[in-house]
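Undergrad: After the structure tokens below, expect a handful of questions from me.
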Amino acid sequence: GNKANSQSNQKEEVQMTKMTDIMIFSMGIIAILCVNGIAFVFDGQWINVAIALDSTFIGALIAKFLSSNK
Numbered sequence: 428g429n430k431a432n433s434q435s436n437q438k439e440e441v442q443m444t445k446m447t448d449i450m451i452f453s454m455g456i457i458a459i460l461c462v463n464g465i466a467f468v469f470d471g472q473w474i475n476v477a478i479a480l481d482s483t484f485i486g487a488l489i490a491k492f493l494s495s496n497k
């Protein structure tokens, strides 16, 4: 009865979070490409911004991957 119902709900939620993850992931990649492109064109300060964003994003990805693998 009730237990089976909550299980199927959980499955749908997992599917949703996977979609959201993929969305966030691709948006992050697009953002990084943009910033890296700007850094490449304008040089100077933008390179620091690009490097900071890259490492933040990759750090967040690794953290997410580790926490989801438990």
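Each residue of the sequence shown is one higher than the one before, starting from 428 at the first, in the numbering used here.
For every residue, glycine included, the Cβ atom is placed at its ideal position computed from N, Cα and C.
Predicted model, so just to flag it, every value in this text is computed and none were measured.
#1: Around the Cβ of Ala397, are there at least 16 other Cβ atoms within 10 angstroms (buried) or fewer (exposed)?
#2: Hey, is Glu439 close to the ligand SAM, as in C-beta under 7 Å from one of its heavy atoms?
#3: Tell me the DSSP secondary structure of Gly455 in three-state form.
#4: Have a look at Ser494, Lys445, Lys438 and Phe452 and flag the residue whose alpha-carbon is nearest the alpha-carbon of Asp481.
#5: Taking the continuous alpha helix (DSSP H) assigned at Asn475, which residues delimit it?
TA: On the basis of the data shown:
#1: Nothing about residue 397 can be reported from this structure: the residues present for the chain run from 428 to 497 only.
#2: The ligand SAM is not among the ligands present in this structure, which contains no ligands whatsoever.
#3: The three-state secondary structure of Gly455, taken from DSSP, is helix.
#4: Phe452
#5: Gln472 to Ser495
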